[in-house]
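Colleague: Position in the sequence shown (first residue = 1) + 41 = the working numbering.
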Amino acid sequence: MKIFIKLSILICFSAVLKMHAQEKPNIIILFADDLGYGDLSCYGAQDVKTPNIDQLANEGLRFTDFQVASSVCSPSRAALLTGRYPMRNGFPVAQGKIEKHKDYGLDPDEITIADMLLKEDYATMAIGKWHLGFNKGHQPTDHGFQQHYGLQSNWNTSHPDLDDVYHNGKVVKENVAFETLIGDYTNKAIEYMEENKENPFFLYLAYHSVHSPIKPSKDFIGTSKGSLYGDYVQELDYHVGRLTQALADKKLDENTIVIFLSDNGPAICHFGGSAGPLNGGKYTTMEGGFRIPAIIKWKGKFATGVNDTFLSSMDLLPTLASLAGAETPKDRVIDGKNITSVLKTGKGISPHKYVYYYNGINLQAIRKGPWKLHLPRTSEDQPFWSKNKNEKPFNGSNLKNIGCRGLIALGRPLLFDLDHDMGELTDISKKHPEIVEELLKEAERIKKELGDIDVIGTDQRVPPFENIQEKI
Ligand SMILES: [Ca+2]
């Protein structure tokens, strides 16, 4: 009898455990590359049709003021995964396959979303572009991902390793044609969902689309009215549709959070793309570089509709921790905030008092609510991707004709009211000297904490090489 009771308790206990495991939501982050704020039809694109992403937006929350923490690939990814500013997590500049960056990677002491979820018995996998380090200690499998399948960085034929597909650090396909990657990644993702449908999983799927090369596969060439770039966006949409359909087919829809976002704005001058009504794009600290398309859906659990709350990709770490029952790290500053209540109710005010826009290690702008102040800077202050010796600091007040490069060097502080001027077109610093003063003061304070070109911050992780903003 005693044994029977013990056995029954044990059975009940494991049933409770199993139920808890199934209650934890699956989490999928679909990370597009260089996709602009105006590149999707649900964000107003006219020449491109993205019905699958639009449907995700209709079934979820579509954000109009969701920000990343950098306008280039690596720092934005590092911030999303750690919930911390690139200056704090030690990854402020884009990484290249160069001698100087050989020891540069996401620091082993950083805690990622995958690290946290792995501790909560999630299966974890990264598929696609990594771009956060090539060597041991910096690999996805060193950062909480049980598996990685994809490229180390951007696809490129300039170096023999950069067009090879890796699985957990070993090359499994050599000299891969770029156009085949998106379908291959999607197939792998669908397989992974199938293999893990009985247990909670975290899938971080970082597509190369729509980063250069602008090379859609031949089935998509000519399908849009928006040139090759438009075709490329439509191909991305097709694969997002395959994934969402697979989730529905496998009846995983109701227990899976889908997060779709871009890592930074479009490289307009180089390859096209659209930041919609925003000014600037990739490589700049204007809204076109930092404000990205973002959609979050959890069927039946999260609100739906359009949401204007000012949020950050860094918010995903504490939010997903809370939804998965994980503990947010307490031994360090996490810059992201738990936005679960915004997701559940579709209402709420921004949890961020100030938000900082760094370009490389140069603090260039600071935001409080609708106010955004751009700080003076020279061409010399810029990281290598923005430097231009011939660039004279901008001293005007009307940015209507600033051009696709956006605001780079600047002679004096400029203030914008993003609620009424999201395109950062008209400087109103003279009308609001008290706001300018407050934000300048906060800029001086945060530089002491996070650092800048001329100061190492008290909570800055400094990358392991000299002349951080230079390529060589
Ligand atoms: Ca990017």
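Backbone N, C-alpha and C define an ideal beta-carbon position, used for all residues, glycine too.
To which residues does DSSP link residue 319 through a beta bridge?
Modeller: Counting from 1 along the sequence shown, the entry for residue 319 is found at position 278. Paired residues: none, contrary to the question.
Colleague: First and last residue of the beta strand (DSSP E) that includes residue 165?
Modeller: As a position in the sequence shown, residue 165 is number 124, starting the count at 1. It spans 164–169 - the beta strand (DSSP E) in which residue 165 sits, taken as one unbroken run.
Colleague: Measuring CA to CA, which of 422, 384, 444 and 455 is closest to residue 412?
Modeller: The residue labelled residue 412 in the question sits at position 371 within the sequence shown. With distances taken between Cα atoms, residue 412 lies closest to 455.
Colleague: What first and last residue would you give for the beta strand (DSSP E) that runs through residue 243?
Modeller: Walking along the sequence shown from the start, residue 243 turns up at place 202. First-last of the beta strand (DSSP E) with residue 243: 242–247.
Colleague: Taking only heavy atoms of ligand 1 into account, decide whether any of them is closer than 7 Å to the Cβ of residue 106.
Modeller: If you number the sequence shown from 1, residue 106 lands on position 65. No, the Cβ of residue 106 stays beyond 7 Å of every heavy atom of ligand 1.
Colleague: Under the three-state reduction of DSSP, which class applies to residue 273: helix, strand or coil?
Modeller: Locating residue 273 in the sequence shown gives position 232, where the first residue counts as 1. DSSP places residue 273 in helix when its eight states are reduced to three.
Colleague: Quick check on the contact list: which residues have their beta carbon closer than 7 Å to a heavy atom of ligand 1?
Modeller: Taking each Cβ in turn, the ones that pass are 74, 75, 113, 114, 117, 252, 304, 305 and 323.
Colleague: Just how far apart, CA to CA, sit residue 316 and residue 336?
Modeller: Here the question's residue 316 lines up with position 275 in the sequence shown. Here the question's residue 336 lines up with position 295 in the sequence shown. About 16 Å.
Colleague: Assign residue 223 to one of three DSSP states: helix, strand, or coil.
Modeller: The sequence position of residue 223 within the sequence shown is 182, counting from 1. If DSSP states are grouped into helix, strand and coil, residue 223 belongs with the helices.
Colleague: What distance in whole Å lies between the Cβ atoms of residue 163 and residue 243, which are believed to be in contact at a cut-off of 8 Å?
Modeller: Indexing the sequence shown from 1 puts residue 243 at position 202. Indexing the sequence shown from 1 puts residue 163 at position 122. Right, the Cβ-Cβ distance comes to about 5 Å (below 8 Å), so this counts as a contact.
Colleague: At what residues does the beta strand (DSSP E) containing residue 414 begin and finish?
Modeller: Looking up residue 414 in the sequence shown gives position 373. Per DSSP, residue 414 belongs to the beta strand (DSSP E) from 412–415.
Colleague: What residue does the alpha helix (DSSP H) around residue 330 start on, and which one ends it?
Modeller: Sequence index remark: in the sequence shown, residue 330 carries index 289 (1-based). Residue 330 -> alpha helix (DSSP H) spans 328–331.
Colleague: Less than 8 Å between the CB atoms is what I'm expecting for residue 500 and residue 402, so what's the real figure, rounded?
Modeller: Stepping through the sequence shown from its first residue, residue 500 is reached at position 459. Stepping through the sequence shown from its first residue, residue 402 is reached at position 361. Contact doesn't hold; Cβ gap of about 14 Å is too wide.
Colleague: Verify whether the separation of the beta carbon atoms of residue 170 and residue 280 is less than 8 Å.
Modeller: Counted from its first residue, the sequence shown places residue 170 at position 129. Counted from its first residue, the sequence shown places residue 280 at position 239. The answer is no: Cβ separation not under 8 Å.
Colleague: Give me the Cα-Cα distance between residue 138 and residue 113, rounded to the nearest whole angstrom.
Modeller: Counting from one through the sequence shown, the residue named residue 138 turns up at place 97. Counting from one through the sequence shown, the residue named residue 113 turns up at place 72. Approximately 16 Å, taken between the alpha carbons.
Colleague: Just list the beta strand (DSSP E) runs in the stretch 107–191, keeping only unbroken ones of 3 residues or longer that don't cross its boundaries, in chain order.
Modeller: List check, beta strand (DSSP E) in window: 164–169 and 188–191.
Colleague: Note down, in chain order, each residue of its chain lying with its Cβ closer than 6 Å to the Cβ of residue 217, except the 5 sequence neighbours on either side.
Modeller: Residue numbering aside, residue 217 sits at position 176 when the sequence shown is read from its first letter. Result list for residue 217: 204 and 206, in chain order.
Colleague: How would you call residue 437, buried or exposed, if buried means at least 16 neighbouring beta carbons within 10 angstroms?
Modeller: By 1-based counting over the sequence shown, the position of residue 437 is 396. Residue 437 should be labelled exposed.
Colleague: Taking the runs of the beta strand (DSSP E) that are 3 residues or longer, which of them lie wholly in the stretch 345–408?
Modeller: You should have 346–348 and 396–400.
Colleague: In angstroms, rounded to a whole number, what distance separates the CA positions of residue 491 and residue 366?
Modeller: Within the sequence shown, residue 491 is the residue found at index 450, counting from 1. Within the sequence shown, residue 366 is the residue found at index 325, counting from 1. For residue 491 and residue 366, the distance between alpha carbons rounds to 30 Å.
Colleague: At the level of alpha carbons, what is the spacing between residue 547 and residue 301?
Modeller: For residue 547 there is no data in the structure shown, the boundaries of the chain being 42 and 513.
Colleague: Considering only C-alpha positions, which residue in the set 358, 289 and 267 is nearest to residue 234?
Modeller: To locate residue 234, count along the sequence shown from 1; it is residue 193. The shortest C-alpha separation from residue 234 is found at 289.
Colleague: How is residue 540 classed by DSSP in three states: helix, strand or coil?
Modeller: There is simply no residue 540 to check, as the chain begins at 42 and stops at 513 in what is shown.
Colleague: What are the start and end residues of each continuous beta strand (DSSP E) run of 3 or more residues lying completely inside the stretch 279–312, in chain order?
Modeller: With a minimum length of 3 residues, the continuous beta strand (DSSP E) runs that stay inside the stretch 279–312 are 297–303.
Colleague: Is it right to say residue 329 is buried, meaning 16 or more other beta carbons lie within 10 angstroms of its own, or is it exposed?
Modeller: On the sequence shown, position 288 is the one that residue 329 refers to. Label assigned to residue 329: buried.
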